[in-house]
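Below: the structure, in structure tokens.
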Amino acid sequence: MRRFLRPLGILAALFLLLGAAVVIALHQWTGSDGFRQRVEREASAALGVPVTLSRVTVDVWPLPAVALEGLHIQAKPALTLDRVEARPVWTALLAGRLQVSTLTLRKAVLPQTTLVLLAARLQDPARKTARPGPAAEGDALDLGWLPRTLVLDEVTWINERGRGTTVQADARLDDDGWPASADVKVTGGGLQGTKARLVRDDSGATAWTLKVEVGGGTVQGPLKVNLPDAGNPKARDLVFEGALETRGVEVSALTAPSRPLTGRLEASTTLSARINPRAGAAAITDALRTQTRFTVHGAVLQGLDLARAVVSVGLSRGGLTELDTLAGQVNTRGQTIALSNLEARSGVLSATGEVTVAPSRELSGRLRVDMTRGASGGVVSVPLAVGGTLDEPSVMLSRSALLGAAIGTAIMPGVGTGAGANLGDRIGEGLQDLFGK
72 MRRFLRPLGI LAALFLLLGA AVVIALHQWT GSDGFRQRVE REASAALGVP
122 VTLSRVTVDV WPLPAVALEG LHIQAKPALT LDRVEARPVW TALLAGRLQV
172 STLTLRKAVL PQTTLVLLAA RLQDPARKTA RPGPAAEGDA LDLGWLPRTL
222 VLDEVTWINE RGRGTTVQAD ARLDDDGWPA SADVKVTGGG LQGTKARLVR
272 DDSGATAWTL KVEVGGGTVQ GPLKVNLPDA GNPKARDLVF EGALETRGVE
322 VSALTAPSRP LTGRLEASTT LSARINPRAG AAAITDALRT QTRFTVHGAV
372 LQGLDLARAV VSVGLSRGGL TELDTLAGQV NTRGQTIALS NLEARSGVLS
422 ATGEVTVAPS RELSGRLRVD MTRGASGGVV SVPLAVGGTL DEPSVMLSRS
472 ALLGAAIGTA IMPGVGTGAG ANLGDRIGEG LQDLFGK
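Residue numbering for the sequence shown follows this note's numbering, beginning at 72 and increasing consecutively.
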């Protein structure tokens, strides 16, 4: 028996030594400057911008992993990652397929404008090469190439206005590539302290429950993705829908660091979108539609004093307006926000109107403000045009209302000012081509 065991032991030892030698050689090769520079050249050619690395490592124990350290993509603005680590699926690797089990990003800075630029370059037909990724046009949607676990450790997203949001996140995907669960915590930026959890329904359908803790309140509700009809080759779009209930959220927590409005928000929101999964990120963002009915209790409108605007019948910037309630409807289409059926009330003041927020955050719209004056209880009503930006709003009389106010003041000082402004506003609506807005 020993005669057989001894050769087997020697053979096993030789295999172990050979494996160790291969691992050491692979580690030294990937850690060499020559290999690192080759990776830099390949990445620079693929992205069309210079890419530099501090180090490339390959680990075998306790689990195999490939890591890039000190990754710097020299676009404007630059994209940086302290470490990006990928661990493959063993069974797939043994079968000759590369499938990522876990992808980890540590201390990364990801500017939105740079990501959009790089995505556009990668989708350029002149640059496309055969590589794992989304299915080709006409094929069924396949998410099997996505990592089964995604870990974000102190990853900062820089939006188009240059404001950063830092998150810790852990997302796990099911075998079909759709999220099974995700936990996100905002550790820096305007939404600091916000926590979100997404959990897939037990039925296995493409449906989830979302709960967000923000501003001392909650936003929660169901989300669902309806997949294309497998029997219809022309059906390619995903249909997204959701319904969220907002309860007791401080409004300024949603807009920080800006504070155009404070107060406690109660709202019901429906979301919908028809998405081509092969479209770019911008097209997906533009496809989203939302409808919200809201009420803000104890609202304070920052940067506008509506009472002063009524009294002065002119331009008003700065100050604030305290309201008992503010209610209305918000519709969004992509990055454009439209507020309609606005109703604001306080002790002596009420206002109605409509306001649109452009993607540039510029404001436009009209308000009609009624204010009770003095002990007589007389009501002064003034039409106002909304302008400025979300951070620096302003209200003023339209040109036609200014003309009417001037005539009313000349005929009947005081009371005639507001009446004249209203009359001028009505005339202006009828003769818009002459007076303009």
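Quick reminder that beta carbons are idealized off the backbone N, C-alpha and C, glycines included. Remember, predicted model here, so these are calculated numbers, not experimental data.
Item	Value
Cutoff 6 Å; reference ARG107; Cβ partners in own chain excluding five residues on either side	LEU124 and VAL127
Any non-hydrogen atom of the ligand COA closer than 7 Å to ALA116 Cβ	Among the ligands in the structure shown, none appear at all, so the ligand COA cannot be discussed.
ARG268 beta carbon less than 8 Å from that of ALA35	Not covered by the structure: residue 35. The range shown for the chain is 72 to 508.
Residues near GLU321 in its chain [Cβ-Cβ closer than 6 Å; skip 5 each side]	GLY286 and GLY287
From LEU391, ALA415 and SER329, residue whose alpha carbon lies closest to that of HIS368	ALA415
Where ILE478 sits in the DSSP three-state scheme	Because ILE478 carries a pLDDT of 37, less than 50, the predicted location of this residue cannot be relied on, and the following value inherits that uncertainty. Of the three classes helix, strand and coil, the one that applies to ILE478 here is helix, per DSSP.
In DSSP terms, what LEU217 is bridged to	DSSP, once it has assigned bridges, lists no residue as partnering LEU217.
Local conformation of ARG360 per DSSP, three classes	strand
Through-space distance from VAL222 to LEU174, alpha-carbon basis	6 Å
Whole-angstrom distance between ARG158 and SER343, CA atom to CA atom	35 Å
Cut-off 6 Å between Cβ atoms - residues of its own chain near ALA510, not counting five sequence neighbours on either side	Any question about residue 510 goes unanswered here, given that the chain covers just 72 to 508.
CB of PHE311 within 8 Å of CB of VAL290, strictly	no
Buried versus exposed call for GLY105 [16 or more other C-beta atoms within 10 Å across all chains shown]	exposed
Nearest-angstrom Cα separation, counted from VAL255 out to ALA116	34 Å
VAL466 beta carbon less than 8 Å from that of THR443	no
Among GLY436, THR333, LEU377 and THR326, nearest to ALA422 - alpha-carbon criterion	LEU377
Span of the alpha helix (DSSP H) around GLY105	104–118
Contact set for ALA114: own chain, Cβ-Cβ below 6 Å, skip 5 residues either direction	VAL122
When SER329, VAL110 and ASN347 are compared against LEU461, the one with the closest alpha-carbon	SER329
The alpha helix (DSSP H) enclosing ALA324, as first and last residue numbers	322–326
Simplified DSSP assignment, three categories, for ALA276	coil
Nearest candidate by alpha-carbon position, reference LEU332, set THR396, ASP246 and PRO454	THR396
For ALA512, the three-state DSSP class (helix, strand or coil)	No answer is possible for residue 512: the residues shown for the chain start at 72 and end at 508.
Chain-order list of residues whose beta-carbon lies under 7 Å from that of ARG318 (same chain, five-residue window excluded)	GLY288, THR289 and GLU337
Buried/exposed call for PRO293, threshold 16 Cβ in 10 Å	exposed
Distance between ASP224 and ALA242 (C-alpha atoms, nearest Å)	12 Å
LEU244 to GLU231 span [Cα, whole Å]	29 Å
Of the residues THR366, ASN347 and THR326, the one placed nearest ARG335, counting alpha carbons only	THR366
Proximity of LEU375 and PRO464 at Cβ, strictly below 8 Å	yes
Coil, strand or helix - LEU186 by DSSP	helix
Terminal residues of the beta strand (DSSP E) in which ARG243 lies	235–244
Limits of the unbroken beta strand (DSSP E) element including LYS256	250–259
Rounded Cβ spacing between LEU434 and VAL457 (contact assumed at less than 8 Å)	5 Å
Beta-carbon proximity of ALA179 to LEU217, cut-off 8 Å	no
Check whether LEU529 and VAL137 have beta carbons under 8 Å apart	With the chain covering only 72 through 508, there is no way to say anything about residue 529.
Delimiting residues of the beta strand (DSSP E) encompassing GLN291	288–297
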